[in-house]
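Remarks on the structure that follows.
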Amino acid sequence: MSSSPRILMCAPTHYGIHYEINPWMKTERQADHALAQLQWRALRDQLIAAGAEIAEIAPVEGLPDLVFTANAALIFKRRAVISHFKHVQRQGEEAHFRRWLGADGFEVFETPNRFSFEGAGDALFCGDTLFAGYRQRSDALGHQQIGELLGVRVLPLELVDAYYYHLDTCFCPLAPGVAIYYPGAFDDYGRRVLAAHVPTLIEVEAGEAESFACNAAVVGRTVITNVGCADLHRQLRTAGFTPAETPLGEFVKAGGSAKCLTLRLDGEEAAGWRV
1 MSSSPRILMC
11 APTHYGIHYE
21 INPWMKTERQ
31 ADHALAQLQW
41 RALRDQLIAA
51 GAEIAEIAPV
61 EGLPDLVFTA
71 NAALIFKRRA
81 VISHFKHVQR
91 QGEEAHFRRW
101 LGADGFEVFE
111 TPNRFSFEGA
121 GDALFCGDTL
131 FAGYRQRSDA
141 LGHQQIGELL
151 GVRVLPLELV
161 DAYYYHLDTC
171 FCPLAPGVAI
181 YYPGAFDDYG
191 RRVLAAHVPT
201 LIEVEAGEAE
211 SFACNAAVVG
221 RTVITNVGCA
231 DLHRQLRTAG
241 FTPAETPLGE
251 FVKAGGSAKC
261 LTLRLDGEEA
271 AGWRV
């Protein structure tokens with residue numbers, strides 16, 4: 001295991017709102033390209049300051065959402081299960097992520113039976129359990145087969161609000177048994193599953209969930225979010241974490257924030273990858 005957290009990012013050289021595949025995206029509300037680049041670099045600087053090592057995949061013209069590297073794959077130890085995107089607009093990303101991860105030394109697997117599956121956007125470890133979001137972007141049957149492939153327990157969670165279309169928009173593991181979540185994104189069964197299997201759930205209120213409070217990048221005890229999450233930051237400090245914020249509004253326009261812009265390549269307690 002690397003002594004430093006290692007994170008994959010992609011510069012927003014070609015980022016923009018070129019299509020609409022979630023409720024946040026409006027082509028008439030275009031991202032400010034120069035500001036997006038500044039915000040991305042500020043997030044990168046925060047991650048480095050928190051102790052992370054940044055690896056970068058080259059941007060590709062015509063793939064504006066390649067910047068959201070969390071959706072590249074599910075990483076488990078040195079294995080990578082490559083995403084198979086639901087929407088054709090993003091399927092062109094798959095070959096680039098497959099090639100990069102293979103060249104970096106990962107054992108690469110395809111999504112079983114070509115189920116829709118969107119990587120760490122919908123599959124997050126908390127301890128040794130893989131929590132898997134389905135309905136909006138990923139298929140529940142695919143998650144179960146990925147669990148069998150990796151030899152891990154999978155708990156499916158149905159996402160019932162189209163604005164929280166990926167699990168990482170409403171759930172963020174911080175450490176084994178500790179996670180941030182927004183209850184309104186889940187049905188009653190999902191909320192009961194989380195309560196039964198995650199002893200400490202830090203609840204995010206609706207207004208801060210809309211600022212993508214749950215879409216946080218975690219480096220050790222540092223939790224980096226978009227701005228506008230003061231109540232969550234208070235709760236994090238009480239729980240012994242160090243919250244940090246950086247403006248990411250240009251990426252929220254496309255339905256993403258700090259977590260969406262990052263893919264953990266190494267092991268971390270929050271993801272349950274530590275041997």
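Under this note's numbering, the first residue of the sequence shown is numbered 1, with each subsequent residue one higher. Cβ atoms here follow ideal geometry from the backbone N, Cα and C, with glycine treated the same way.
Of the residues the options, the one placed nearest residue i, counting alpha carbons only
i	options	result
Gly-220	Ala-239, Ala-175 and Tyr-182	Ala-175
Arg-29	Lys-259, Leu-263 and Phe-251	Phe-251
Trp-40	Gly-51, Val-67, Pro-23 and Thr-169	Val-67
Pro-112	Trp-100, Phe-97, Arg-78 and Ala-73	Ala-73
Ala-244	Thr-129, Asn-226 and Arg-79	Asn-226
Cys-10	Gly-267, Leu-265, His-18 and Leu-261	Leu-261
Thr-242	Gly-249, Asp-139, Val-218 and His-197	Val-218
Leu-8	Glu-61, His-96 and Thr-27	His-96
Cys-170	Gly-190, Gln-145 and Gln-37	Gly-190
Pro-183	Cys-214, Ala-49, Leu-124 and Ser-83	Cys-214
Arg-153	Gly-177, Gly-127 and Val-178	Gly-127
Ala-206	Ile-21, Gly-228 and Lys-259	Gly-228
Ser-257	Tyr-164, Ala-123, Leu-159 and Leu-130	Tyr-164
Gln-89	Ala-123, Asp-65, Trp-100 and Val-108	Asp-65
Gly-313	His-143, Ala-70, Leu-124 and Glu-53	An answer regarding residue 313 cannot be provided, because it is not within the stretch 1 to 275 covered by the chain.
Paired residues, beta bridge with residue i - DSSP
i	result
Val-154	Leu-130
Tyr-181	Phe-171 and Glu-203
Glu-107	Arg-79
Ile-7	Ile-54 and Arg-264
Leu-124	Phe-131
Pro-243	Val-223
Ala-73	Ile-82
Leu-159	Phe-186
Asn-115	Sequence check: residue 115 is Phe here, not Asn. According to DSSP, which records beta bridges pairwise, Phe-115 is partnered with nothing at all.
Backbone CA spacing between residue i and residue j [nearest angstrom]
i	j	result
Leu-236	Ala-230	10 Å
Ile-224	Pro-5	14 Å
Leu-35	Arg-44	14 Å
Pro-156	Ile-57	30 Å
Ala-209	Ala-195	19 Å
Ile-202	Arg-98	34 Å
Val-198	Leu-248	28 Å
Ala-103	Ala-80	12 Å
Pro-173	Thr-27	32 Å
His-33	Leu-63	15 Å
Gly-119	Thr-238	31 Å
Ala-162	His-87	15 Å
Trp-24	Lys-253	6 Å
Ser-138	Gln-91	14 Å
Val-275	Phe-106	With a pLDDT of 44 at Val-275, under the threshold of 50, the predicted position of this residue should be treated as unreliable, and no value is reported.
Tyr-19	Leu-130	31 Å
Burial state of residue i, where buried means 16 or more other Cβ atoms lie within 10 Å
i	result
Arg-234	exposed
Tyr-15	buried
Tyr-134	buried
Arg-192	exposed
Ala-31	buried
Gly-255	buried
Ala-179	buried
Backbone secondary structure at residue i - three-state DSSP
i	result
Ala-216	coil
Ala-258	coil
Leu-38	helix
His-166	coil
Arg-90	helix
Asp-280	Nothing about residue 280 can be read from this structure; the chain reaches only from 1 to 275.
Ile-146	helix
Gly-16	coil
Met-1	Its pLDDT being 43, under 50, Met-1 is placed unreliably by the model, and the measurement read from it follows with that caveat. Three-state result, Met-1: coil.
Phe-97	helix
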